[in-house]
Amino acid sequence: MKKIIKSILSSFLVFWLAACSNTDKAEIIPDRFKNFMNIYFHGYIYEYKDINARGNHNYGEQYALIKIKKADLNRDEMKNIYKKLEDGGWKLVETNHDNYVNFCYGEDFSLIILYPLGKFAKTPAGIPLSYDDINFWQISVYKSTSKLAACNQN
C-alpha cells in the first residue's frame, strides 16, 4: 500500500514539475528599464519587449519596446510625463504635436513615443511608421549608432 501511495505521489510530483516548466515566462525586464519605467511611468501597467536589434538606420539600435494601453494613459497624463522627461534631462528633438514625440538623452539615446491614430503614419521627417495595434502607446528606446547632433544644440 505504501508503494502505491509513494508511486502516485511521485507521479503527481513529476507531472506537476513538467507542467510548471512548460508555462510561458514573461520577459525579464532589465534593471536599466525598470528604473526608467519607475521614474517616468510609475503606476502604469505596461508590456515590455526586449528588442536588441539593429535595423532602423534612422535611429540606431532599438533596445526595448514598451506598450501602455491608451485606455490606461490619456494624452494629458502623457503631457505630464513629457515634462518629467525634460526635467530628467531628456531633450525634445522632434514632434508633430499630434501623435509622435522624439526625445534624446546625451549623444547616445533616443526615446520615441507614438500614439497611433491609424495603422500607418509618418514622422515629421517623412519616415513611415506602421502599428500592429493602435490601442497602445508605443514607447521605443534606442541606442544611437551615431552621435545625436540635436542633443548637443541649445
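Yeah, the sequence shown ends on 140 if you go by the numbering used here, and it's all consecutive.
Quick reminder that beta carbons are idealized off the backbone N, C-alpha and C, glycines included.
Taking the CA atoms as reference points, Ile54 sits about 21 Å from Lys129. Each of Ile99, Thr81 and Asn21 was checked against the Cα of Leu59, and the nearest Cα belongs to Ile99. Remark: C-beta atoms of Phe19 and Ala57 do not approach each other more closely than 8 Å. Cβ-Cβ separation between Pro110 and Tyr86: approximately 7 Å, consistent with a contact (criterion under 8 Å). Secondary structure of Tyr101 (DSSP, three-state): coil. Apart from the 5 residues on each side of it in sequence, Phe106 sits with its Cβ closer than 8 Å to the Cβ of Pro114, Leu115, Ser116 and Tyr117 in its chain, given in chain order. Our two residues, Asp73 and Phe22, have alpha carbons roughly 13 Å apart in a direct line. Ile125 sits away from Ile31, with the two beta carbons spaced by 8 Å or more.
Judged by beta-carbon spacing, Ile67 lies within the 8 Å limit of Tyr26, meaning their Cβ atoms are closer than that value. By the 16-neighbour rule on beta-carbons within 10 angstroms, Asn82 is exposed. In chain order, Lys56 place their CB closer than 6 Å to the CB of Asn121, counting only its own chain and leaving out the 5 sequence neighbours on each side.
Taking a C-beta distance under 8 Å as the contact criterion, Phe89 and Val79 qualify as a contact pair.
Here the alpha carbons of Lys70 and Asp119 stand approximately 26 Å from one another. Boundaries of the alpha helix (DSSP H) harbouring Tyr68: Arg61 to Asp73, taken from the DSSP string.
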